[in-house]
Amino acid sequence: MIHVPTNILLVDDEKDFVEMLSMRLEDAGDKVTPAYDGHMCLETLAKIPIDVVILDIKMPGMDGIQALKEIKLRYPLVEVILLTGHGTTETAIAGMKLGAFDYLLKPADFEELQTILEKAKLRKAEQDERIRKAEARQLLRRGGNI
Amino acid sequence: MDADSVKHIRLLLVDDESEFRNTLAKRLRKRGLDSLQAADGDNCLAVLADHAIDVVVMDVVMPGMNGIDTLYQIKQQYPQIEVILLTGNANTQDGVEGIKHGAFDYLTKPVEFDHLLGKIFQAYDKIISEKRQKAAEEFKTRIEQQMIATERLAALGTLAAGVAHEINNPLAIVNEAAGYLKALLQKRELAEMPHRATFEKALEKVENSVKRARAITHQLLADVGKRERVVVEIDLEALLTETLALIRREAEKKGIRVQLEAEGEAAPLWADPNQIRQVFINLLSNAIHASYDNSEIRVYIQSTTAEAAIEIVDSGIGISRENQGRIFEPFFSTKSPGEGTGLGLYVTREIVEKFGGRLAVESTLGEGSRFSVIIPNQIGFSDDGSGTQ
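Protein chains in written order, with our numbering: chain G, 1 to 146; chain F, 1001 to 1389.
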């Protein structure tokens, strides 16, 4: 089966971590764009189509939770996976309530991360598809040309 | 000293002259004081072994064990008992000796009755104030120890979480770097690389070590997490019903009925059920303490989509306007030392505010109190929301 590359935005203030995980994900066939804080994350989302954001929580400036809120507000279809070195069940639940797709603690198991990425991408694709169909139906109802 | 307190003084008269004892006892009786009697030192110690006594009035000159030796024995065995010595006019030296051995005071015979009565009252006052002071000190020590233990645990938890977090980040980099190198070694162009198997073996060891370290840091974070609040969906009415079951026995002891009334479509509340339960337990047991026997406590739940309001209303003694401003202060209590920690309402308010809520009181002396808890259904995700940063 051909692996369709996922457009991943990897957000973490630990540059070495971003570099290493990017190389690994790209090696596995995905397309990774790095960002080092919440602002840079949102700027990137405005420019490049992204499927999944891998987001650290504790970052200087705009932190991951604030960034998550903004992402869900502006790009509700983009899936967000929280990946953080710091965390408790509470943080996880709070993140999920804000619409995160899943939550992993650093250092994460790479295979586990890939499985979650795959599921997140699938949900994003399904959502995109639903919206396309809904839009098509709407156009048909209006009697417009497709 | 009022007549009521006088009745509580347990008195023992020790003198070898029975006539003196009887006369004194009769006069004391007229003033509302009951007393026991003993004819000598040995007899005195025998009475003390069987009866709780506050004040001993004792003659120094007695056959057998004299008053000073008896005093010495009393102070050894019952340091809380106060002793008033009676000495002959010519023997004030005995009195001084007695005070050295811990006597409360001495009076010279012939004794002026009102003077003796005054001394007995003074001795009793001393016992009462020492008891109070001791209780207050014990209470303070206990609370201080609790606070120290709590603070230590919290500090340790914060430190552990901080360390775990700081280690997880570099650990994640090591993990990804090792993983990346391992993936590289799988590539066809590196198939013939010299020592390839050794590289793979070494990287395997790096990855295994990361797993070991990760197990430790994750365990640390999980332990800290247990002490922190968990946030889950709560059915408020079910939680309150459960809480009422916990305090039912206390209420029934005073014949108090607790009524629960819910209004409005209950939206799920997100909070820590253990801490919210603590809030209700504190408020309800306060209401029970403040209530008169056979009265009623009403609990109202009013839910909107945004917040839940819980009111606990009693028709008890009420809180004075002056105290209403102070009841939320730590260590403020109107209960006797040892009965109330003075922390209940303080902790209650801390919890309610931690979940973004408010705790308020309305009260009229003699009519009762109304405590209101208002909690937003969805807690705001404030800056501290991501844990102990």
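Cβ atoms here follow ideal geometry from the backbone N, Cα and C, with glycine treated the same way.
Proximal residues of chain G, C-beta to C-beta of residue i below 7 angstroms
i: F:Glu1353; result: Within 7 angstroms Cβ-Cβ: nothing; F:Glu1353 doesn't reach chain G, min ~17 angstroms.
i: F:Ile1173; result: Glu14, Asp16, Phe17 and Met20
i: F:Asn1286; result: The contacting residues do not exist; F:Asn1286 stays about 29 angstroms from chain G at best.
i: F:His1218; result: Leu105
Under 8 angstroms by beta carbon: chain F residues contacting residue i
i: G:Ile71; result: Under the 8 angstroms cutoff, chain F gives no residues; its nearest Cβ is about 14 angstroms from G:Ile71.
i: G:Asp27; result: Tyr1180, Ala1183 and Leu1184
Unbroken alpha helix (DSSP H) run spanning residue i, endpoints
i: F:Asn1286; result: Pro1273 to Ala1290
i: G:Asp27; result: Lys15 to Asp27
i: F:Gly1325; result: Per DSSP, F:Gly1325 belongs to no alpha helix (DSSP H) and is neither H nor E.
i: F:Tyr1346; result: Gly1344 to Lys1354
i: G:Gln138; result: Phe110 to Arg141
i: F:Asp1059; result: Counting along the chain, F:Asp1059 falls outside any alpha helix (DSSP H), though it belongs to the beta strand (DSSP E) covering Val1055 to Asp1059.
i: G:Gly64; result: Gly64 to Arg74
i: F:Glu1252; result: Leu1236 to Lys1253
i: G:Asp102; result: Looking at the DSSP string, G:Asp102 is not in any alpha helix (DSSP H); the run it does join, the beta strand (DSSP E), is Asp102 to Leu105.
i: F:Ile1099; result: Thr1092 to Lys1100
i: F:Ala1046; result: Gly1041 to Asp1050
i: F:Ser1018; result: Ser1018 to Lys1030
i: G:Leu45; result: Gly38 to Lys47
Interface residues of chain F facing residue i [CB-CB closer than 7 angstroms]
i: G:Ala100; result: Result: empty, since nearest Cβ-Cβ is about 12 angstroms, beyond 7 angstroms.
i: G:Leu21; result: Glu1176
i: G:Gly85; result: His1165, Asn1168, Asn1169 and Ala1172
i: G:Arg24; result: Glu1176, Gly1179, Tyr1180 and Ala1183
Cβ shell of residue i (< 7 angstroms), same chain only, five flanking positions each side left out
i: G:Glu43; result: none
i: F:Lys1075; result: His1101 and Gly1102
i: F:Val1352; result: Val1279, Arg1358, Leu1359, Val1373 and Ile1375
i: F:Gly1338; result: Any reading at F:Gly1338 must be qualified, since the residue scores a pLDDT of 49, below 50, and its modelled position is unreliable; no value is offered.
i: G:Glu113; result: Here residue 113 of chain G turns out to be Leu, not Glu, going by the sequence shown. Excluding sequence neighbours, G:Leu113 sits near Leu104.
i: F:Thr1304; result: Gly1264
i: G:Ile93; result: none
Segment limits, beta strand (DSSP E) that includes residue i
i: F:Val1313; result: Glu1307 to Asp1314
i: F:Thr1035; result: According to the sequence as given, residue 1035 of chain F is Ser; it is not Thr. F:Ser1035 -> beta strand (DSSP E) spans Ser1035 to Ala1038.
i: F:Ile1297; result: Glu1296 to Ser1303
i: F:Asp1069; result: It is not in any beta strand (DSSP E) - F:Asp1069 instead sits in the alpha helix (DSSP H) that spans Gly1067 to Gln1077.
i: F:Glu1082; result: Glu1082 to Thr1087
i: G:Leu55; result: Val52 to Leu55
i: G:Glu79; result: Glu79 to Thr84
i: G:Asn7; result: Asn7 to Val11
Under 9 angstroms by beta carbon: chain G residues contacting residue i
i: F:Asn1377; result: In chain order: nothing, as chain G lies at least about 12 angstroms away.
Environment of residue i [buried if 16+ CB atoms lie within 10 Å]
i: F:Ala1308; result: buried
i: F:Gly1344; result: buried
i: F:Thr1388; result: Model confidence at F:Thr1388 stands at a pLDDT of 32, short of 50, so the residue's coordinates are unreliable; what they give is reported in the following sentence. Buried: at least 16 other Cβ atoms inside 10 Å.
i: G:Val78; result: buried
i: G:His86; result: buried
i: F:Gly1179; result: buried
i: F:Lys1253; result: exposed
i: G:Glu135; result: exposed
i: F:Ser1018; result: exposed
i: F:Lys1131; result: exposed
i: G:Thr107; result: For the record, residue 107 of chain G in the displayed sequence is Pro; it is not Thr. Counting Cβ neighbours within 10 Å, G:Pro107 comes out buried, since at least 16 surround it.
i: F:Ser962; result: The structure shown does not extend to residue 962 of chain F, since chain F is modelled only from 1001 to 1389, so the question has no answer here.
i: F:Asp1015; result: buried
i: G:Asp128; result: exposed
i: F:His1165; result: buried
i: F:Pro1273; result: buried
i: G:Ile71; result: buried
i: F:Arg1249; result: exposed
i: G:Ile131; result: exposed
i: F:Glu1082; result: buried
Same chain, Cβ closer than 8 angstroms to residue i, neighbours up to 5 away in sequence not counted
i: G:Ile48; result: Asn7, Leu9 and Thr33
i: G:Pro60; result: Asp13 and Asp37
i: F:Glu1200; result: Lys1182 and Leu1185
i: G:Arg142; result: none
Residues that residue i contacts on chain G, provided the C-beta gap is smaller than 8 angstroms
i: F:Arg1212; result: Correct list: empty, because the minimum Cβ distance to chain G is about 11 angstroms.
i: F:His1289; result: Chain G residues near F:His1289: none, gap ~33 angstroms exceeds 8 angstroms.
Residues near residue i by beta carbon distance below 6 angstroms, same chain, minus five either side
i: F:Tyr1300; result: Glu1261 and Glu1311
i: G:Asp102; result: Ile81 and Ile116
Tell me whether the segment 1038 to 1052 of chain F and the segment 1089 to 1097 of chain F touch, counting them as touching only if at least three CB pairs, one residue from each stretch, are closer than 8 angstroms. Cβ pair count under 8 angstroms is below three, so no.
Using 8 angstroms as the Cβ pair cut-off and three pairs as the minimum, do the segment 1349 to 1362 of chain F and the segment 1289 to 1303 of chain F touch? Touching, no, given that fewer than three Cβ pairs across the two stretches are closer than 8 angstroms.
Three or more beta-carbon pairs under 8 angstroms between the segment 1054 to 1062 of chain F and the segment 1032 to 1044 of chain F, yes or no? Enough Cβ pairs lie closer than 8 angstroms, so yes.
Would you check if there are 3 or more beta carbon pairs closer than 8 angstroms linking the segment 1207 to 1224 of chain F to the segment 1259 to 1273 of chain F? Not touching, per the Cβ criterion.
Are the segment 1195 to 1212 of chain F and the segment 1157 to 1177 of chain F touching by the rule of at least three beta carbon pairs closer than 8 angstroms? A contact exists between the segment 1195 to 1212 of chain F and the segment 1157 to 1177 of chain F.
Which residues, in order along the segment 100 to 120 of chain G, keep a beta-carbon less than 9 angstroms from a beta-carbon of chain B? The structure shown contains no chain B; its protein chains are G and F.
Check whether the segment 1282 to 1293 of chain F touches the segment 1240 to 1256 of chain F, taking contact to mean three or more Cβ pairs, one atom from each stretch, closer than 8 angstroms. Two segments are said to touch when three or more pairs of C-beta atoms, one from each, lie closer than 8 angstroms; by this definition the segment 1282 to 1293 of chain F touches the segment 1240 to 1256 of chain F.
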